[in-house]
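The structure appears right after this line, and notes come after that.
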Amino acid sequence: MRKPSTVRRPHKRPVRAPCASPAGPATPRQTIKARHHISRPDRQAHRVENINGFTAGRPALGVRPGSEGIVLPEIYDSSAFRDVFEHHFTYEAGFRRNTHRFAKRTALTDIASGKTWTYAELGADANRIARGLQSRGLETGQLVTYQLFNGPEFALTYLAAQTAGLIGAPINFRLAPGEIAFILDDSQPQAFIFDAALTEQVAAALSMARHRPQILVAVGDGPDGIDGGPDGIDGAIPWRDLPAEDGSPLPTPDRSTFDESTRQYTSGTTGMPKAVSLNSLVEVLSAHDVIMHFPLSPYDKTLNMTPWFHRGGLYSGGPNPVFYVGAEAVSLRSFTADAVLDAVERSQLTFLIGAPTNLAMLADAQEQRARDLSSLRGIVTMGAPLDRASALRYQRVLTPRIFNGYGTTEAFWNTFLRPEDLPAGAGSAGRACTDDDVAVVKVFDDRTAAPDEFAAKDGAEVGEVIVRSVKSGYAYLGNPEEQRKKFRDGWLYAGDLATWDENELVTIVVRKDDMIISGGENVHPVQVEAALSEHDGVADCAVVGAPDPKWGQVVVAYVVRATPDVSAADLDKHCLSHPMLADFKRPRGYRFVDSLPMTATGKKMHFKLAAQAADDDAAGLFERP
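Numbering (this note's numbering), first residue to last: 99 to 723.
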């Protein structure tokens, strides 16, 4: 119920003769009393009269001749807007709209099976999965973790979680058993959906974890089936048994757009994953960002070549923006350049999304056997900058419309390099995205810079990248210490060192925390060093990235021997069998040294070794296992 307008009593002032009116003189007491008895329609009419009347050249907002008193404008009541915004401006509502306004339009195509889903069909199947999870005990706000390859089951799980008001947590399918176990214990999901090809890793993880999800679902065929075989997992059900028969829409979840809807895991300074909480509003605004920057329309067809469990895979032309805008997503379980190029020609794809590694392979394949790529409206890269030579090559061989985005798991992409910025801007990460604030601040030895302590915009001074973005959830679940380190005063301190110029083009120099990015995967040296140090033959070690034309970087290790006979093959075998180290994180080369460069406080100087690694690799000084 709307409150009546507030009426202010006049300040006491010397009594003056009251103004005459057709109704006769009015005393101050009569004026005040009259104001309290003006009806709502009369107040409105009175306000209009005052607005249209002028005294001494200005609107008569106070007492004017013939008035009965002062009526102030009504105060805007935003409660109805806030209610709609909070409860109906959700990702689930956006997808639900498309199931009927674009009911017959293709929403998803799976290359491997050739199967397609319209928006009506995709919505009905997502409803069946949601109802199947609910029938097995999952309630609003509970967690479903899924470890799946790009494909229909991934898309349906993502949508089913939104539909049922669950929290969906996609995780890397390349994780080692110990890493999977860590995530299970950290999030304690009620359901765990995994690809049956990962049965061995999942079984090992479940045996190591303290928490066992009450619902286990296997997608596809495992080594020896789901139940009963030597590699099977007791209690797991096949994906085909999960959906309910009823595909009708579920009631709108009793969830706010500010409630957590997706949880992603990223590597932290300890090397172990951190839980990044994203709410439904972040989901919507991430979709909007892609829609603006591609731009993406309901008539586009996209193929994201990177794994969808990544922020860049799920949110950059993956299921999130595609299903929100009403476009078509094309899924490919595993990347091959020929399969992608054939799909562009056959299906008239309009956008490809991938890492620079993907683009290099596409260019090679296109030069070997040309396809018709004229349908492409753009190729968007992420994960690493594009050098001038590569940018020019991709524009010539693939499409003139090459984009590059820079960002983090925490805040999605925050700078964007457009085709119009190339080739002059090649090597940079572009400028801040439309809704984002991006700055490069000074780096101090003894403290963290404030958000307004900018590095010089000269393209030379190296500082730290900070970001303020509504695409961030601004939280690490259960990790307040890391949260305080990374989020300050509404800004995310991204952990990357960069320069920027007078046009605010940001150029990434190196990761502040020495993160290695190999083939689009983040590898933290601390975790690899910890695994290597467990070997009896290792006295000390330092892990860095060496430049690689295919993967961007490869992991290499500088090792101080504890025993003279330890070899690269010995250490590689150790890493391959280590339960806490995914295969992509193990070193591809070893150089045995007498000592490691250290700071005065005893910290390893990774940046020196990283600078040295390129020369050492070129000179053939790394032993390959």
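Note that CB positions come from ideal geometry on N, CA and C, so glycine has one too. Just so we're clear, the structure is a prediction, and the values are computed from it rather than from any experiment.
DSSP, read as helix, strand or coil, puts Val380 in helix.
According to DSSP, Ser526 shares a beta bridge with no other residue. Within its own chain, the residues whose Cβ lies closer than 7 Å to the Cβ of Ala258, once the five positions on either side in sequence are excluded, are Ala224, Ile227, Ala228, Leu231, listed in chain order. The beta carbons of Thr661 and Asp681 sit no closer together than 8 Å. Between Ala509 and Val565, the gap from beta carbon to beta carbon is short of 8 Å.
Around the CB of Gln260, 16 or more other CB atoms lie within 10 Å, so the residue is classed as buried. Excluding the 5 residues flanking it on each side, Asp638 has same chain C-beta neighbours closer than 7 Å at Val658, Leu694, in chain order. Cβ contact annotation for Ser233 (same chain, cutoff 8 Å, sequence separation greater than five): Ala342, in chain order. Under the 8 Å Cβ criterion, the segment 265 to 272 counts as touching the segment 243 to 256, having at least three qualifying pairs. Counted as a single uninterrupted DSSP element, the stretch harbouring Gln493 is not any beta strand (DSSP E) but the alpha helix (DSSP H) occupying residues 486 to 495. The C-alpha of Arg353 lies about 44 Å from the C-alpha of Glu600. Under the three-state reduction of DSSP output, Ser472 falls in the coil class, being neither helix nor strand. Between the segment 397 to 407 and the segment 418 to 436 there are three or more C-beta pairs closer than 8 Å, enough to call the two in contact. Rounded to the nearest angstrom, the gap between the Cα atoms of Ile615 and Val652 is 8 Å. The distance from the Cβ of Trp589 to that of Thr455 is about 30 Å, inconsistent with a contact at the 8 Å cut-off. According to DSSP, residue pairing for Met696 in a beta bridge involves Lys702. Take the alpha-carbon of Thr207 and the one of Trp215: they are about 7 Å apart. Taking C-beta atoms as the reference points, Val315 and Ala289 count as a pair closer than 8 Å.
Between Ser378 and Gly576, the alpha-carbon positions lie close to 19 Å from each other.
Per DSSP, Asp223 lies in no beta strand (DSSP E); the unbroken alpha helix (DSSP H) holding it starts and ends at 217 to 233. Note on geometry: alpha-carbon atoms of Val536 and Glu518 lie some 20 Å from one another.
When secondary structure is reduced to three states using DSSP, Val560 falls in the coil class, being assigned neither helix nor strand. In the structure shown, Met480 falls within a strand segment according to DSSP collapsed to helix, strand and coil. Under DSSP, Thr434 takes part in no beta bridge, so it has no partner.
Per the Cβ contact rule, the segment 269 to 282 is in contact with the segment 291 to 307 (3 or more Cβ pairs under 8 Å). Shown here, Thr207 sits in a strand according to DSSP, grouped into three states. Per the DSSP secondary-structure output, Cys673 pairs with nothing in a beta bridge. Beta bridge pairing from DSSP links Phe449 with Thr400, Gly476. Assignment of beta-bridge partners to Glu619 by DSSP yields Ser616. Pro250: member of the alpha helix (DSSP H) spanning 250 to 262, first to last residue.
Three or more beta-carbon pairs separated by less than 8 Å link the segment 414 to 428 to the segment 382 to 392, which places the two stretches in contact.
When the Cα atoms are used, Glu251 and Asn620 turn out to be separated by approximately 25 Å.
In the same chain as Pro549, and ignoring 5 residues on each side of it, the C-beta atoms closer than 7 Å to its own belong to Ala537, Val539, Ile564, Asp587, Trp589, in chain order. The beta-bridge partner set that DSSP reports for Phe292 consists of Gln245, Ala316.
Distance from the Cα of Tyr492 is smallest, within the candidate group Thr506, Val182, Leu474, Leu170, for Leu474. Contact between Leu669 and Tyr688 holds, since their C-beta atoms are separated by about 6 Å, short of 8 Å.
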